[in-house]
Every structure is written in C-alpha cells, then in structure tokens.
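The block underneath contains the structure these notes are about, expressed in structure tokens.
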Amino acid sequence: MKKKVSVLLLAVLFVFGLAACGGGNASNPVADFLAEYGDELHEEFDMLMGGDGNVTLTAGTGNEMIFTFRFNETLDAENLELILDMLGSTFEFLAAEFQEEIELDSMRMTVRFYDADNNRAERSFDS
49 MKKKVSVLLL
59 AVLFVFGLAA
69 CGGGNASNPV
79 ADFLAEYGDE
89 LHEEFDMLMG
99 GDGNVTLTAG
109 TGNEMIFTFR
119 FNETLDAENL
129 ELILDMLGST
139 FEFLAAEFQE
149 EIELDSMRMT
159 VRFYDADNNR
169 AERSFDS
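In this note's numbering, the protein residues as written are 49 to 175.
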C-alpha cells in the first residue's frame, strides 16, 4: 500500500512539474517565427522607422508579437501617439500578414514607442 501511495505521489509531482515548465517542449509559434526571421524583420522595421532609433521584436504570450521602438530624440507622449496614429494601418496590415504566415487563428501586434526621456505610447493591433 505504501508503495502505491509513493508511486501515485511521484506521478502527481511529475505532472505538476511538467505543468510548471510548460510541458517541457511546448512551442510558441511567434517565438519560433522570430527565431527564424527576426534578423530580416529587424532590418525591415528599422527601415520603416527611418533608422532613427532602436528596434526590438519579441514574442509575447500566446499569439502576440511585441514591436518596441526607442527614438533617439525627445518627443512627448502626444507626439508618440500621433506617430502611432499615422502608422496604425501599417501595423494592422503587418499583424494580418504575420497571422497568415505563421498560420495562426488570430494575431496581436503590440507596438510600444519610447522617446529619449522614456515617454511612452502603446497600442495593440489585432487581426
């Protein structure tokens, strides 16, 4: 009886251990996509933003791609929001394109702009 309880306890601990580490081999399709194409995308986004700052692309949770751009100059939150407004349709288009390319049911692209003084604007685009 003690042996059965010990085996059961070990099995439960094993299952919780797998759940805690995400099953060991769970994959994030956005992270996989960025691992394969991240360098090319980085160059494209740098050109889109005029090469006047620092571009970072990361995978968020689930089907989210996070695009962060740090401007080299000081703007304010209002100007950062205006830039997001001007580029909004571009990021909506890109979210739809990435969704199709990665073969996801839905995709979220979160865009974060910072200026030299760490003023921030953020918006998410869903497809």
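All C-beta atoms in this analysis are idealised placements derived from N, C-alpha and C, irrespective of residue type, glycine included.
Suppose contacts are defined by Cβ-Cβ distances below 9 Å. Is residue i in contact with residue j by that definition?
| i | j | result |
| --- | --- | --- |
| Val-159 | Phe-139 | yes |
| Asn-127 | Asp-163 | yes |
| Asp-169 | Glu-121 | It is Ala, not Asp, that sits at residue 169 in the sequence shown. Not a contact, by the Cβ cut-off of 9 Å. |
| Phe-173 | Ala-143 | yes |
| Gln-147 | Ser-154 | yes |
Enumerate in chain order the residues of its own chain whose CB-to-CB distance from residue i is below 6 Å, with the five nearest sequence positions on each side excluded.
| i | result |
| --- | --- |
| Ala-79 | Ala-107 |
| Arg-171 | Leu-132, Val-159 |
Name the two residues that bound the continuous beta strand (DSSP E) containing residue i.
| i | result |
| --- | --- |
| Ala-169 | 168-174 |
| Thr-179 | For the chain, the structure presents residues 49 to 175; residue 179 sits outside this window and is missing. |
| Glu-121 | No beta strand (DSSP E) contains Glu-121, which DSSP labels as neither H nor E. |
What does the alpha-carbon distance come out to for the pair residue i and residue j?
| i | j | result |
| --- | --- | --- |
| Arg-156 | Asn-167 | 23 Å |
Once the 5 residues before and after residue i are set aside, which same chain residues still bring their CB inside 7 Å of it?
| i | result |
| --- | --- |
| Glu-151 | none |
Q | Runs of alpha helix (DSSP H) lying entirely within the segment 71-102, each at least 4 residues, in chain order | A | You should have 77-96.
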